[in-house]
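Take a look at the structure below.
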Amino acid sequence: MRLTDTQEKIIAHKDSPLLVTAGPGSGKTRVLVEKTINLIKSGEKKVLALTFSNKAAAEITERLKNRLDQDEMNDINVGTFHSFCLELVLDRGNMIGLPSSLTVIESDKDKIELLKRILNEVGYQSAKKINPKDILKEISLYKQKFKFPSEENEIYYIFEAYNNLLLEQRLIDYDDILFYAYRLLNEKPQVVRLYNRIYKTVFIDEAQDLNEAQYDIIYSLCINLRNIIMIGDENQSIYGFNGSSSLFMTERFLKDFNPEKINMKENFRSTQQIIKASKAIKNYEDNIGMYPLEGEVSITKKTNEYLEAEWVLEKILEQVDKGNPWVENKVKFENIAIIGRNRYVFQELEQLLIHNKIPYNFRTTAKALESVTQEMQIFEGGLKFITNPHNLLNKRSLEIFLSFSNTVKTTDKNYLLTASLKKDKGVNEEIFAGIVKAWEILLKDNELFSRALSEIEGSVKKSFGSVQSAENTNQNYELFLKDITMWKNHWKKYCTLAVTGSRNLIHFKNQIALGKTANYDYKGITLTTVHMAKGLEYDIVFIIGMCEGVFPDYRAIDDSQIEEEKNNMFVALTRAKRVCYLSFPEYRIMPWGKEKKQIPSQYLKDIYMALKGKDT
Numbered sequence: 001m002r003l004t005d006t007q008e009k010i011i012a013h014k015d016s017p018l019l020v021t022a023g024p025g026s027g028k029t030r031v032l033v034e035k036t037i038n039l040i041k042s043g044e045k046k047v048l049a050l051t052f053s054n055k056a057a058a059e060i061t062e063r064l065k066n067r068l069d070q071d072e073m074n075d076i077n078v079g080t081f082h083s084f085c086l087e088l089v090l091d092r093g094n095m096i097g098l099p100s101s102l103t104v105i106e107s108d109k110d111k112i113e114l115l116k117r118i119l120n121e122v123g124y125q126s127a128k129k130i131n132p133k134d135i136l137k138e139i140s141l142y143k144q145k146f147k148f149p150s151e152e153n154e155i156y157y158i159f160e161a162y163n164n165l166l167l168e169q170r171l172i173d174y175d176d177i178l179f180y181a182y183r184l185l186n187e188k189p190q191v192v193r194l195y196n197r198i199y200k201t202v203f204i205d206e207a208q209d210l211n212e213a214q215y216d217i218i219y220s221l222c223i224n225l226r227n228i229i230m231i232g233d234e235n236q237s238i239y240g241f242n243g244s245s246s247l248f249m250t251e252r253f254l255k256d257f258n259p260e261k262i263n264m265k266e267n268f269r270s271t272q273q274i275i276k277a278s279k280a281i282k283n284y285e286d287n288i289g290m291y292p293l294e295g296e297v298s299i300t301k302k303t304n305e306y307l308e309a310e311w312v313l314e315k316i317l318e319q320v321d322k323g324n325p326w327v328e329n330k331v332k333f334e335n336i337a338i339i340g341r342n343r344y345v346f347q348e349l350e351q352l353l354i355h356n357k358i359p360y361n362f363r364t365t366a367k368a369l370e371s372v373t374q375e376m377q378i379f380e381g382g383l384k385f386i387t388n389p390h391n392l393l394n395k396r397s398l399e400i401f402l403s404f405s406n407t408v409k410t411t412d413k414n415y416l417l418t419a420s421l422k423k424d425k426g427v428n429e430e431i432f433a434g435i436v437k438a439w440e441i442l443l444k445d446n447e448l449f450s451r452a453l454s455e456i457e458g459s460v461k462k463s464f465g466s467v468q469s470a471e472n473t474n475q476n477y478e479l480f481l482k483d484i485t486m487w488k489n490h491w492k493k494y495c496t497l498a499v500t501g502s503r504n505l506i507h508f509k510n511q512i513a514l515g516k517t518a519n520y521d522y523k524g525i526t527l528t529t530v531h532m533a534k535g536l537e538y539d540i541v542f543i544i545g546m547c548e549g550v551f552p553d554y555r556a557i558d559d560s561q562i563e564e565e566k567n568n569m570f571v572a573l574t575r576a577k578r579v580c581y582l583s584f585p586e587y588r589i590m591p592w593g594k595e596k597k598q599i600p601s602q603y604l605k606d607i608y609m610a611l612k613g614k615d616t
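Mapping the sequence shown onto UniProt numbering, position 278 (from 1) lands on 278, and the numbers just tick up by one.
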């Protein structure tokens, strides 16, 4: 498809800051990719592109790889804010006194255990009303604002002790990644000068999702840079609960950098009916005539949630069987998404999909990698020990099952190999022997991770006997294989991110913590909340549970929350390329068990009137 005049103008722009407001389906990613290629081909070396999700970063990278050779790709760094800042902290953290070989603490459970230790030391052990989760949340808020509590604040000593204990054990938490990156950029001006020499152009994708911490990092890094480009759509700002605001793009960036503004208003994704419906929610500037297909948007009422779910399933099966007039090719489950404001609206539908053996996937946030079987949890503890022998919390977890030699130092790389099983802990001795051999392989060469897993897999098969008898008599066999497969998949994905010779377990574990090795299953129908649907697109979309109090959410009270709910609805509608079905139940079973009559969402009336061509 030929580039539009507006897209050409953005690609040709150079030597001054630029703000691109890009509506849904306007070709934002294409423009970012084309502009990057243009810069690289014209000799403007080193481009940094920052976005908010690993999926978006992977998509941009893949498109660039299809057009550029490896030498040219070496001049481009595409990643999330956290991946870029973690690289900065690990490479240059020593300049602000951080220890080397830091690893990201993944588990909330581990953070709580560390905090409990602090609370005991500072005399809070008798204060049962203190909730460690609440304190961790307060600590997190301070770090996200790049602030320290004052000495008058009772949390001051806990905050300081918690941070010191993390660093003693060579750990940083997720908030520390941006916290320490900001400190480096502000306390060490030579770091900013270095990065300004390296990167001549910086892209900020999805700029409407910036929060204050991220914006402050951009400001510190780019204030003296000519080519800084922000791309975003204020109508798709939906992460206010994380502190994000489109005002950092539409006000702060304008004030601090005085950029030229270009508006991409064309929608090449959605059909005319979907655009009309979305304009009823957010009256944005758009050229409906750009898309020749009319498409379909419809509203359906059902008596209750079960009948609503049944109707959705019947509609899907009908379309997969007979097709849809607005979709050229055969309709597949993978081309369909069902969107809800929250996860609870999917309960009836999930049960029906399972009962009818319909394939589906649920889009969720990447969770910390955790093994299920006890033996593989011990293997995982060994990995943590290899990457960070200073992590005493992990050492104590291993000591529940294992004894270690008193004659070998904890920091000695062979310390782990002195492990022996304690009695009566229910650990399979044969599989544990395979785990120790796997540790030995990894201590010799971190890159032999696949071989280490094969060693464990061999010991599992040997322990359980033949595969056939094991499958019939012991479910643990299947759990072991699932654990091993999970680790294989994470390593396989990691190998696509790091070239041979540069792979190591510390980097591997940190990439896991950033969610970069997660393998999403895209098979079947996609079930997703609005927040997880951001950036995705499907031929056919169902938006279910369209009742007042559900969508819009009952917690939206003030003006900013109400506006954000409209943005949520706008995002949900514009995930559809050809067809969008909206539905709601007349009655819902409430959490306390009573059936309650529902009021249709206010958005349905707005959409209905817009489709009929009437004013609301």
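Virtual Cβ for every residue (Gly too), placed ideally from N, Cα, C.
Cα atoms of Gln272 and Met609: separation of roughly 15 Å, rounded to the nearest angstrom. Burial check for Ser560: the Cβ neighbour count within 10 Å stays below 16, so the residue is exposed. One alpha carbon belongs to Lys395, the other to Met546, and they sit about 50 Å apart. Judged by DSSP in its simplified three-state form, Asp424 adopts coil rather than helix or strand. For the pair of segments examined, the region 41–53 was found not to touch the region 145–155: the number of CB pairs separated by less than 8 Å stays below three. As DSSP reads the structure, Glu106 sits in no beta bridge.
Secondary structure note for Pro585: its beta strand (DSSP E) is the uninterrupted segment Ala576 to Ile589.
The alpha carbon of Asn324 has as its nearest neighbour, out of Lys577, Asp5 and Arg30, the alpha carbon of Lys577.
DSSP places Ala309 within a helical segment (H, G or I) once states are collapsed to three. For the alpha helix (DSSP H) assignment, the uninterrupted runs of no fewer than 4 residues enclosed by the region 516–543 are, from N- to C-terminal side, 530–533. In the DSSP assignment, Cys547 is bridged to Pro600. According to the DSSP assignment, Thr387 belongs to the alpha helix (DSSP H) that extends over Gln374 to Thr387.
Runs of the alpha helix (DSSP H) lying entirely within the region 223–267, each at least 4 residues long, are 253–257 in chain order.
Linking Glu430 to Glu440 through their CA atoms gives a straight-line distance of about 16 Å. Leaving aside the five residues that flank Asn446 on each side, the residues in its chain whose CB is nearer than 6 Å to its CB run, in chain order, Asn504 and Leu505. The Cβ neighbour count for Asp134, taken over all protein chains shown within 10 Å, is under 16; the residue is labelled exposed. For Ala22, there is no enclosing alpha helix (DSSP H); the enclosing beta strand (DSSP E) covers residues Leu18 to Ala22.
Each of Ala556, Ile358, Ser220 and Ile37 was checked against the Cα of Asp256, and the nearest Cα belongs to Ser220. Between Phe333 and Ile525, the C-beta spacing is below 8 Å.
For Ala277, the secondary structure class from DSSP, reduced to helix, strand or coil, is helix. Per DSSP, the unbroken beta strand (DSSP E) holding Leu48 starts and ends at Val47 to Thr51. When DSSP states are grouped into helix, strand and coil, Asp321 belongs to the helix group. For the options Asp69, Thr574, Thr6 and Arg63, the alpha carbon positioned closest to that of Ala337 is the one of Thr574.
Tyr180 is positioned such that its CB atom lies closer than 8 Å to that of Ile96. In the three-state reduction of the DSSP assignment, Ser403 falls in the strand class.
In this structure, Tyr520 and Phe508 do not form a Cβ contact; the two beta carbons are roughly 19 Å apart against a cut-off of 8 Å. By the Cβ rule, the region 13–30 counts as touching the region 254–269, because three or more pairs are nearer than 8 Å. Sequence-distant partners of Phe159 (beyond 5 residues in either direction) whose C-beta falls short of 6 Å from its own C-beta, in its chain, are Ile139 and Pro149.
Counting of Cβ neighbours within 10 angstroms places Ser42 among the exposed residues, the total staying below 16. For Phe159, the enclosing alpha helix (DSSP H) starts and ends at Tyr156 to Glu168. Distance between Leu349 and Asp483, taken at the CA atoms: about 29 Å.
Taking a C-beta distance under 8 Å as the contact criterion, Glu308 and Lys302 qualify as a contact pair.
Using a 10 angstroms sphere on the CB of Pro585, the tally of other CB atoms reaches 16 or more, which defines it as buried. Proximity to Asn568 across Val579, Gly535 and Gly593 peaks at Gly535, based on C-alpha coordinates. Bridge partners of Val78 according to DSSP: Ala49. Under the criterion of beta carbons closer than 8 Å, Val331 and Ile540 qualify as touching, at roughly 7 Å.
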